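Remarks on the structure that follows.
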Amino acid sequence: MKIDEILNKKELCRNDIIFLLKADKENSKKIFKKSEEVKNLHVGRIVYYRGLVEFSNKCTKNCYYCGIRAANKESNRFEIDDDLIINAVKFAYDNKYGSIVMQAGEREDSKFIDKVNRLLIKAKKITNNKIGITISLGEQNENVYKKWYENGAHRYLLRIESSNKELYEKIHPKNSHHNFDRRINCLKLLKKIGYQTGTGIMVGLPFQNYEHLADDLLFFKNFDIDMVGMGPYIEHEQTPLFKYKESLLPLSERFDLTIKMIAILRIMMKNINIAAATALQAIDPVGREKAIKIGANIIMPNITPTNRSDYQLYENKPCIDEGADDCTNCLEVRVNMTGNKIGYGEWGDSKHYAIL
Ligand code: SAM
Ligand code: SF4
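Okay, structure coming up:
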């Protein structure tokens, strides 16, 4: 009875969210039924592609969870040439993807900043201004964010990773280069400049509990975020957090919890864009499609032209050996099987942003 009451509430409080996160199989089915209904009503049975280009794994930061952190000397560093990146953008445009995401390790040097400016200008030019551009390039100063916005990026993804400062500090080095308050401030800057602003967290981190996860969902709501990407945390041997491997939830439980987080978020924030994170697919070959069915509406096929195997954030990253075409074809069929269609040739902006 309690579950029906909660699912019919207008607003979920922290205790409601925790109750839902702990739901058993039977109650989870009720959550998914509700989140699917909300999704279909508010954003429709439509999924937008974002062609993902992971163009460099050079990173100046040392997040304790990430396989491409600066201190990982075993990582093969690469930066893809402009021409190849622009070819990938052209591929996305020609295949009516509507939008791309450009992602890389975090750097604040002028060479990197200029490269991004060049890429944005070229990507717009080669697509007659038609391609929608999301970037995910970490913390930068306001002028850089502004310049990238002026040059054509209109959505920005910067995951908060955990909205709990204490937990954030446990999964990052304690120094000025990894500062929780700066990250929050960056999110505020992105909003102020006019970006559709996206954030997210990892689910199943060491030290993380249900209360943290409930607070993460409330953080998204209170921040009035436009887009969210949440994926399971997956350990990587060459990172400091690997030593906590034994304390983690089994992968299948991290997967289930992520799916529940997506469903609850959809119930709480009806018209935002929610991505089906690639890390879901690393655990379950149809993991992203499961997320689509119960609430997500964005999928990011990897169209990185080269060096995919070197962008290893975590173990077992999928689609490393596949060409972009393979990914596109098999993906459409799988998305259709969830009862959704691909919104070809459309930006697929967050309705939440548009309504503000
Ligand atoms: N450097 C930029 C940043 O940190 O925002 C963009 C690239 S970063 C690799 C993108 C996301 O990958 C991070 O926000 C983090 O949530 C995710 N990530 C990193 N390591 C991960 C891991 N071991 N398991 C799951 N996701 C991970
Ligand atoms: Fe660098 Fe992003 Fe990985 Fe942190 S999560 S080490 S900033 S690539």
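The sequence shown runs 34 to 389 under our numbering. The beta-carbon is built from N, C-alpha and C at its ideal position, and this holds for glycine as well. If you're wondering where the values come from, they're calculated on a predicted model, not measured in any experiment.
Asked, Found
"How is Asn-41 classed by DSSP in three states: helix, strand or coil?", "coil"
"Considering only the alpha carbon of each residue, which of Met-333, Met-294, Thr-291 and Ala-156 lies closest to Lys-123?", "Ala-156"
"Would you kindly work out how many angstroms separate the C-alpha atoms of Ser-195 and Asn-161, rounded to a whole number?", "38 Å"
"Determine the extent of the beta strand (DSSP E) in which Asn-306 is found, giving its start and end residues.", "306-309"
"Can you give the Cα-Cα distance for Val-76 and Gly-372, rounded to whole angstroms?", "14 Å"
"Under 9 Å between the Cβ atoms of Gly-376 and Gly-138?", "no"
"Beta-carbon separation of Cys-92 and Ile-204 under 9 Å?", "no"
"Just how far apart, CA to CA, sit His-210 and Asn-174?", "13 Å"
"Under a Cβ-count criterion, where at least 16 other Cβ atoms within 10 Å of its own Cβ denotes burial, should Glu-244 be classed as buried or exposed?", "exposed"
"Flag Arg-367 as yes when its Cβ comes closer than 8 Å to any non-hydrogen atom of the ligand SF4, and as no otherwise.", "no"
"Please go through the stretch 246-278 and give each complete beta strand (DSSP E) segment of 3 or more residues, from N-terminal end onward.", "260-265"
"Taking only heavy atoms of the ligand SF4 into account, decide whether any of them is closer than 8 Å to the Cβ of Asn-90.", "yes"
"Between which two residues does the beta strand (DSSP E) harbouring Leu-85 extend?", "79-89"
"Taking the Cβ atom as the reference point for each residue, do Val-80 and Val-134 lie within a distance shorter than 9 Å?", "no"
"DSSP puts Ile-50 in a beta bridge; with which residues?", "Paired residues: none, contrary to the question."
"On the criterion of 16 or more Cβ atoms from any shown chain inside 10 Å, does Leu-74 qualify as buried, or is it exposed?", "exposed"
"Return the residue from the list Asp-114, Asp-57 and Ala-121 that minimises the CA-CA distance to Pro-334.", "Ala-121"
"Counting only runs of 3+ residues fully inside the stretch 205-246, write out the beta strand (DSSP E) ranges in chain order.", "229-232"
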